[in-house]
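For the sequence shown, counting from 1, position 34 maps to 1093 in the numbering used here; every step adds exactly one. One structure is given here, and the rest of the page talks about it.
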Amino acid sequence: MSQLKFFTLKEVNSKIQEVVSNVFKTSFWVKAEINKINFQGHTGHAYPELVEKENGKIVAEMRATLFKSDFQNVNRRFLEVLKEPLKEGITALMFVQIQFHPIFGLSFNIKDIDPVFTLGELEREKFETIEKLKKLNLFNLNKSLKPPILFRNIAVISAETSKGFSDFKTVLSSHTKGYKVGLMIFNAVLQGDSAIGSIIGQLDKIKKVSHCFDAVAIIRGGGGEVGMTCYNDFELSKRIAEFPIPVLTGIGHSTNFTVAEMISYQNGITPTELATFILKRFEDFETPLDYYSSQIAQMSRNISEINCSNFYNTTNLLKIFSKNILNDYKQRQDNINENLYKVYKNPLKLGLMNLQSISEDVIFFAKSKHREELFNLIRVREGLQQNSIRFFSMKTSGLE
């Protein structure tokens, strides 16, 4: 058996290194997502992990190096354009030189990263999300909800220890009139790729008990464009648009609104501004109540004073009218009595005299009649006596 020909690993790697050097003699631009930066603080170098995804799956990856001087230059330009440093989770256009090291293998040496391309890529993703939402008639759906008069109970999606949430609570609790707003915190990651799933998960929890709340508030501290790319995600934006109660957002200081801010019922550029909006609804509700309460009280006092005055005046008039009526009736009664007395005075006296005369006549007549009857009785008695004597005389004669 003949001896097999072979190469050592070093020889192979050296050959690959030679081929790569000959083929890729110049630097070129590569579009990829920075999955991790792997910054080394003690050296100032970074060792990014680059990936390309299709439908959420990684289809290619490459290690890279970003040496200290280049890293500082890239960071400075990102701060100028995007208002924050280079971060993970962004799609970037990188000027690279491909290299192969016999020990460390194949990698990119990143010379530069274009922040303008990254900004444009973010805007493209945002535009695509907006168009999808509009096509599904979801863009203004949450804004069209009829909110309660007051946001009294709010579910807050935030990090409990974040400054943004602290500012939000402070403003709500420090109002001079002491309005009471109930807050329940739902802790979530608010930045990077993991923020999307974290916020959606908390929205799903709140949805199950949405009848207990007047609104949902997504609260986050300040940040630049890159850190807020998760709020342009279509799935997150769709959940916010379809949420059954108003979603309020206060997720940073940026004036370039994300899609999540655009479609929410109300957006505050900062958590403080959002808290002020909530308190203003209380003020707007209370101010007319105070005004109308004072108006009603004043009107009540005026009506009471007018009624009291009218009552006293009416009472006095009633007394006067009653007294006049009584005096008038008394006068009329006296006049009637006087007239009656005048009318019946003489006839009464005449009647009494006639009655006395009649009485005397009756007495005289009665006496005369009595005497006549008495005389008749005497005559009857005398006649009976005579007849009796005659009768006995005749009887006596017959016997004889």
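We treat Cβ as the ideally placed atom computed from N, Cα and C, and that holds for glycine.
Which class does residue i belong to by DSSP, given the choice of helix, strand or coil?
i: N1323; result: Note on residue identity: the sequence assigns Ser, not Asn, to residue 1323. If DSSP states are grouped into helix, strand and coil, S1323 belongs with coil.
i: V1248; result: coil
i: L1152; result: strand
i: N1114; result: coil
i: K1191; result: helix
i: K1297; result: helix
i: F1137; result: helix
i: K1074; result: helix
i: D1461; result: Within the shown structure, residues of the chain are numbered from 1060 to 1459, placing residue 1461 beyond reach of any answer.
i: E1459; result: The pLDDT assigned to E1459 is 43, lower than 50, so where the model puts this residue is not dependable, and the model offers no usable value.
i: K1069; result: helix
i: V1461; result: As shown, the chain starts at 1060 and ends at 1459. That puts residue 1461 outside it, with no answer to give.
i: F1198; result: coil
i: F1272; result: coil
i: K1064; result: coil
i: K1389; result: helix
i: K1142; result: coil
i: E1147; result: coil
i: K1084; result: coil
i: S1344; result: Sequence inspection shows Phe at residue 1344; the Ser mentioned does not correspond to that position. It is helical.
i: S1203; result: helix
i: F1302; result: coil
i: D1292; result: coil
How about residue i and residue j: do their beta carbons lie closer than 9 Å?
i: F1224; j: P1330; result: yes
i: L1152; j: E1180; result: yes
i: F1210; j: D1273; result: yes
i: C1289; j: I1258; result: yes
i: F1159; j: N1072; result: yes
i: N1097; j: A1105; result: yes
i: A1276; j: F1316; result: no
i: V1133; j: D1171; result: yes
i: K1074; j: F1066; result: yes
i: F1154; j: S1086; result: yes
i: P1207; j: Y1324; result: no
i: N1246; j: A1218; result: yes
Please determine, among the options, the residue with the shortest C-alpha to C-alpha distance to residue i.
i: T1124; options: H1101, I1310, I1157 and G1280; result: I1157
i: L1094; options: G1100, S1253 and V1175; result: Note that residue 1094 is Asn in the sequence shown here, rather than Leu. Comparing Cα-Cα distances from N1094 to each of G1100, S1253 and V1175, the minimum goes to S1253.
i: K1267; options: F1137, Y1238 and F1302; result: F1302
i: E1184; options: A1247, I1365, S1296 and I1208; result: S1296
i: M1121; options: K1127, D1129, K1112 and S1128; result: K1112
i: K1236; options: L1242, D1343 and N1326; result: D1343
i: G1251; options: E1147, E1070 and I1117; result: E1147
i: D1129; options: T1102, K1116 and K1142; result: T1102
i: L1138; options: P1207, D1173, L1109 and F1163; result: D1173
i: E1332; options: L1307, K1205 and R1136; result: L1307
i: I1244; options: G1256, K1264, V1230 and N1132; result: K1264
i: I1278; options: Y1238, E1294, G1327 and V1240; result: G1327
i: F1293; options: S1233, E1187, A1334 and Q1261; result: E1187
i: I1189; options: I1395, K1382, E1345 and I1299; result: I1299
i: H1234; options: I1216, I1337, E1143 and V1248; result: I1337
i: K1142; options: A1119, V1175, I1162 and Q1325; result: V1175
Per the DSSP calculation, residue i is bridged to which residue(s)?
i: M1308; result: One point to set straight first is that residue 1308 is Thr, not Met, in the sequence displayed. Partner(s): I1277 and N1326.
i: G1164; result: H1160
i: R1122; result: E1108
i: V1044; result: It is not possible to answer for residue 1044, since the shown part of the chain is limited to 1060 through 1459.
i: F1098; result: A1105
| request: Identify every run of the beta strand (DSSP E) within the region 1205 to 1242, keeping only runs that are complete inside it and at least 3 residues long; order them along the chain. | output: Listed in chain order, the complete beta strand (DSSP E) runs (minimum 3 residues) inside the region 1205 to 1242 are 1212 to 1217.
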